[in-house]
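Participant: When you line the sequence shown up against the working numbering, it's residues 141 to 325, in that order.
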Amino acid sequence: MPLRGNLLIYERYCFASKFINENSKVLEAPCGFGYGAAYIAKFSNNVEASDIVGDNINFAKSVYPISNINWCTNDVTKLNYSENEFDIYISFEVFEHLSLDSIDNYLKEAVRVIKKGGKFIISTPNKSMRVNVNNPFHIKEYTFIEFKNILEKYFKDIEYYSILNSMVISGVNPSSYSLIAVCTK
Numbered sequence: 141m142p143l144r145g146n147l148l149i150y151e152r153y154c155f156a157s158k159f160i161n162e163n164s165k166v167l168e169a170p171c172g173f174g175y176g177a178a179y180i181a182k183f184s185n186n187v188e189a190s191d192i193v194g195d196n197i198n199f200a201k202s203v204y205p206i207s208n209i210n211w212c213t214n215d216v217t218k219l220n221y222s223e224n225e226f227d228i229y230i231s232f233e234v235f236e237h238l239s240l241d242s243i244d245n246y247l248k249e250a251v252r253v254i255k256k257g258g259k260f261i262i263s264t265p266n267k268s269m270r271v272n273v274n275n276p277f278h279i280k281e282y283t284f285i286e287f288k289n290i291l292e293k294y295f296k297d298i299e300y301y302s303i304l305n306s307m308v309i310s311g312v313n314p315s316s317y318s319l320i321a322v323c324t325k
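1) Decide if the segment 313 to 323 is in contact with the segment 295 to 302; the criterion is three or more beta carbon pairs, one per stretch, under 8 Å apart.
2) Taking just the CA atoms, how far does residue 235 sit from residue 264?
3) CA-CA distance, residue 195 and residue 307?
4) Short check: CB of residue 188 to CB of residue 161, under 8 Å?
5) Which same chain residues, not among the five before or five after residue 172, have their C-beta less than 7 Å away from its C-beta?
6) Would you decide whether residue 220 is buried or exposed? Buried here means 16 or more other CB atoms lie within 10 Å of its CB.
7) According to DSSP, is residue 308 part of a helix, a strand, or is it coil?
8) For residue 217, which residues of its own chain have a beta-carbon under 7 Å away from its beta-carbon, when the five flanking residues on both sides are left out?
9) Nearest by alpha-carbon distance to residue 200: which of 304, 177, 215 and 301 is it?
10) Residue range of the alpha helix (DSSP H) that residue 198 falls in?
11) Tell me where the beta strand (DSSP E) around residue 226 begins and ends.
12) Go ahead and pull the three-state DSSP assignment for residue 152.
13) To which residues of the same chain is residue 204 closer than 6 Å at the C-beta, ignoring the five residues directly before and after it?
14) List the whole-angstrom C-beta distance separating residue 301 from residue 310, where the pair is believed to meet the contact cut-off of C-beta under 8 Å.
15) Tell me where the alpha helix (DSSP H) around residue 249 begins and ends.
16) How many angstroms separate the CA atom of residue 287 from the CA atom of residue 227?
17) Which value, in whole angstroms, describes the spacing of the CA atoms of residue 305 and residue 284?
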């Protein structure tokens, strides 16, 4: 991956870590190859890292054998966790990969597994800045207004951020590469 791509990923996790303390129970789903969960494990004593792809979990377990991470296979639209279990749920760059008919289940599950006062931290590419980009793995990319309208069906307290010049900034910048929302239950 190009350096710029790695910086954008790293910046998201640095940003999310500001909401985490050692007693936070954190879920990252999907966790992909596990680098984000490994980073978050520096800040929390209890990290659940979940992905629908078993090979991703097996890879992550072998590369990041960290004692405070529990690696498991899970579907973000049908999470195998209890209600009100997590203080923080991190879900970066998955929204655009989900089928339109699974978005509601994904967000209902987020609300279900987060404790009252907990945070759901989500990011997605900003469609407005990707007019000439065609990612065949993205089912739908969202403008800020589309993203906001969907999230506000499930969360009333939402703070929006933008990734601009490899940095997370407060608010929505129309020329940002990605959008981040911190949704409080």
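No residue lacks a Cβ here, since even glycine has one placed at the ideal position from N, Cα and C.
Facilitator: Looking at the atomic coordinates:
1) Taking a contact to require three or more Cβ pairs closer than 8 Å, the segment 313 to 323 and the segment 295 to 302 qualify as touching.
2) 6 Å
3) 31 Å
4) no
5) Same-chain partners within the cutoff: 191 and 196.
6) exposed
7) Under the three-state reduction of DSSP, residue 308 is assigned to strand.
8) Counting only Cβ-Cβ distances below 7 Å, and skipping sequence neighbours, we find 242, 245, 246 and 249.
9) Minimum Cα distance to residue 200 is reached at 177.
10) 194 to 203
11) 226 to 232
12) In the structure shown, residue 152 sits in a helix (DSSP, three-state: H, G or I).
13) 174 and 178
14) 6 Å
15) Its alpha helix (DSSP H) spans residues 243 to 253.
16) 23 Å
17) 18 Å
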